[in-house]
Amino acid sequence: MDERVREHAEVLVDWSARVDPGDHVVVSVAEDAHDLGVAVAEALGERGAAVTTLYGSDELSRAYLKGRERESASGDDAPEFPDPAVDRALLEAADVYLRLGGGRNTAATADVGRETRQAYARSRKEVRERRMATDWVSTVHPTRSLAQQAGMAYEEYRDFVYDAILRDWEALAGEMARMKEVLDSGEEVRIRTERADAPDTDVTMSIAGRTAVNSAASVAYDSHNLPSGEVFTAPYDAEGEIFFDVPMTIESTRVRDVRLVFEDGEVVDFSADSGEEALESVLETDPGARRLGELGIGMNRGIDRFTDSILFDEKMGDTVHLAVGRAYDACLPDGESGNESAVHVDMISDVSADSTMAVDGEVVQRNGTFRWEDGFDG
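Set out below in structure tokens:
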């Protein structure tokens with residue numbers, strides 16, 4: 013086993029999930045993530061945790077969803093899904109949930125109908141809520157399918173993944189604290205781009221009363237991804253339009269060049285040069301799917317290229333992303349509900365050139381450079 017796999021497991025268990033002796037830990041291991049699963053199980057055993065292991069297979073998910081489609085093919089409505097009581101009970105008893113991503117085919121569920129996806133997402137809403145009430149962390153094991161999706165040789169991709177994961181997270185947390193302070197004290201964010209090769213972006217959103225998360229790859233920071241390296245908050249009342257030029261995969265479909273138009277906080281118009289049906293499927297999931305749940309600012313410059321994996325791409329320096337759908341509770345005042353939805357789908361914009369981000373009228377990032385960094389042109 014590559015020694016970096018064990019280092020990955022140690023970072024996940026110790027820094028990210030902060031597992032304590034006696035914690036009940038659910039570990040979902042994807043296809044081809046076996047080595048990381050073994051290393052994580054060993055680390056959890058050393059720490060005295062109780063472990064339940066699940067097999068997280070997209071191919072199994074496809075088989076189940078296609079089976080439901082066939083059973084309901086004679087009707088006009090989307091398939092109905094049974095109450096997932098066992099999953100709810102399992103997560104209710106869990107202290108920690110670890111998702112070890114990987115997989116053999118990044119498009120394994122591409123032929124599942126969108127009505128089926130939407131119905132299944134709605135049926136699993138309470139399961140997601142209970143998972144998110146745990147100290148949950150999602151990470152990924154480098155696999156050949158992910159390397160292929162990223163357009164890299166497997167060995168090259170493996171180095172890329174570990175360069176992003178095995179780093180000084182405490183030092184990065186200190187750097188990102190500056191952006192958190194700006195957002196916490198701000199009331200309005202405006203993002204603008206004026207590029208000759210792309211539609212303009214000019215979108216304004218409120219962040220008053222919201223708390224930004226310094227996403228330093230640890231539940232101690234209300235951060236649940238490894239790798240991480242972003243600062244995010246829960247915006248509302250969005251107005252204007254934004255263009256997302258970073259390709260992404262939504263519902264196993266490649267989506268490119270997305271444009272969203274907001275009025276009174278809601279998406280009222282949208283387009284995509286490719287994958288528009290997948291985008292439409294997301295937006296039609298429920299009323300909350302047309303409203304924003306997240307504004308994120310990528311600050312991890314250890315991630316130096318796009319890989320068509322949201323886990324990495326949204327953290328990349330010189331990017332911002334918005335998510336339609338569910339808002340994270342960590343960004344909300346106690347007792348206040350943010351945007352609610354069965355989905356949370358991120359879309360990314362490259363802001364390395366011809367762009368500004370202003371908070372309460374003051375530019376805090378220009379062409380990817382923050383105002384406290386060398387080279388900032390105020």
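So for the sequence shown, the working numbering puts the first residue at 13; every next one is plus one. Every residue gets a Cβ at the ideal spot worked out from N, C-alpha and C, and that includes glycine.
Check: Using a Cβ-Cβ cut-off of 7 Å (strictly less than) and excluding sequence neighbours within five positions of alanine 133, which residues of its own chain qualify?
Finding: Stepping through the sequence shown from its first residue, residue 133 is reached at position 121. Hits under 7 Å: Thr297, Ala354 and Val355.
Next item on the list: Check tyrosine 233 in the structure and name its three-state DSSP category.
Entry: Start at 1 with the first residue of the sequence shown, and residue 233 comes out as number 221. Here tyrosine 233 sits in helix by DSSP.
Next item on the list: Take every Cβ of the region 16 to 30, pair it with every Cβ of the region 176 to 196, and state whether three or more of those distances are shorter than 8 Å.
Entry: yes
Checklist line | Of the residues Glu92, Val139, Val37 and Ala183, the one placed nearest arginine 59, counting alpha carbons only | finding: The sequence position of residue 59 within the sequence shown is 47, counting from 1. Of the listed residues, the one whose Cα sits closest to arginine 59 is Val37.
Checklist line | Which listed residue (Ser240, Glu71, Ser218 and Asp212) has its alpha carbon closest to that of leucine 313 | finding: Start at 1 with the first residue of the sequence shown, and residue 313 comes out as number 301. A small correction: the amino acid at residue 313 is arginine; leucine does not occupy that position in the sequence shown. The candidate whose alpha carbon is nearest that of arginine 313 is Ser240.
Checklist line | Buried or exposed (CB count within 10 angstroms, at least 16 for buried), arginine 143 | finding: To locate residue 143, count along the sequence shown from 1; it is residue 131. Per the 10 Å Cβ criterion, buried.
Note to self: Under 8 Å, with one C-beta from each stretch per pair, do the region 328 to 336 and the region 152 to 171 reach the 3-pair mark?
What the structure shows: no
Check: Roughly how far, in whole angstroms, is the beta-carbon of arginine 222 from the beta-carbon of threonine 245, given that I think they are within contact range, below 8 Å?
Finding: Locating residue 222 in the sequence shown gives position 210, counting from the first residue. Locating residue 245 in the sequence shown gives position 233, counting from the first residue. Their Cβ separation, rounded to whole angstroms, is 5 Å, which keeps arginine 222 and threonine 245 in contact under 8 Å.
Next item on the list: For threonine 381, write down the residues that DSSP places opposite it in a beta bridge.
Entry: Within the sequence shown, the letter at position 369 stands for residue 381. Looking at the DSSP assignment, threonine 381 forms a beta bridge with Arg378.
Note to self: Looking only at its chain, what residues have a beta carbon closer than 6 Å to the beta carbon of serine 3, apart from the 5 residues adjacent to it on each side?
What the structure shows: Only positions 13 to 390 of the chain appear in the structure, and residue 3 is not among them; the question remains open.
Check: How should threonine 64 be labelled, buried or exposed, when 16 other C-beta atoms within 10 angstroms of its C-beta is the threshold for buried?
Finding: Walking along the sequence shown from the start, residue 64 turns up at place 52. Exposed is the call here.
Margin query: On a Cα-Cα basis, can you pick out the residue from Glu104, Leu158 and Glu83 that is closest to alanine 42?
Written below: Residue numbering aside, residue 42 sits at position 30 when the sequence shown is read from its first letter. Checking every option, the nearest Cα to that of alanine 42 belongs to Leu158.
Checklist line | Range of the contiguous alpha helix (DSSP H) that encloses methionine 359 | finding: Along the sequence shown, read from residue 1 onward, the residue named residue 359 stands at position 347. Run containing methionine 359: none in the alpha helix (DSSP H); it sits in the beta strand (DSSP E), 356 to 362.
Notebook entry, point to check: Rounded to a whole number of angstroms, what is the C-alpha to C-alpha distance between tyrosine 169 and glycine 347?
Noted result: For the purposes of this step, residue 169 is identified with residue 157 of the sequence shown, where counting begins at 1. For the purposes of this step, residue 347 is identified with residue 335 of the sequence shown, where counting begins at 1. Answer to the nearest angstrom: the Cα atoms are 43 Å apart.
Next item on the list: On a CA-only basis, which of Val336, Asn117, Asp386 and Ile219 is nearest proline 345? Give me that one, please.
Entry: In the sequence shown, residue 345 corresponds to position 333, counting from 1. Considering only alpha carbons, the answer is Ile219.
Item checked: tyrosine 340, DSSP secondary structure in three states -> One-based indexing of the sequence shown puts residue 340 at position 328. In the structure shown, tyrosine 340 sits in coil (DSSP, three-state: anything other than H, G, I, E or B).
Notebook entry, point to check: Taking DSSP as the reference, what is the three-state secondary structure of glycine 57?
Noted result: As a working note, residue 57 is residue 45 in the sequence shown. Three-state result, glycine 57: helix.
Next item on the list: Report the three-state DSSP secondary structure of isoleucine 177 (helix, strand or coil).
Entry: By 1-based counting over the sequence shown, the position of residue 177 is 165. Secondary structure at isoleucine 177: helix, using DSSP grouped into helix, strand and coil.
Next item on the list: Please list the segments of the beta strand (DSSP E) lying wholly inside the region 248 to 297, counting only runs of 3 or more residues, in order along the chain.
Entry: 248 to 256, 260 to 262, 265 to 275 and 278 to 286
Check: By Cβ distance below 7 Å, which residues in the same chain neighbour tyrosine 67 in space, the five residues on each side in sequence not counted?
Finding: Position 55 of the sequence shown, counted from the start, is the residue given in the question as residue 67. Answer for tyrosine 67: Val41, listed in chain order.
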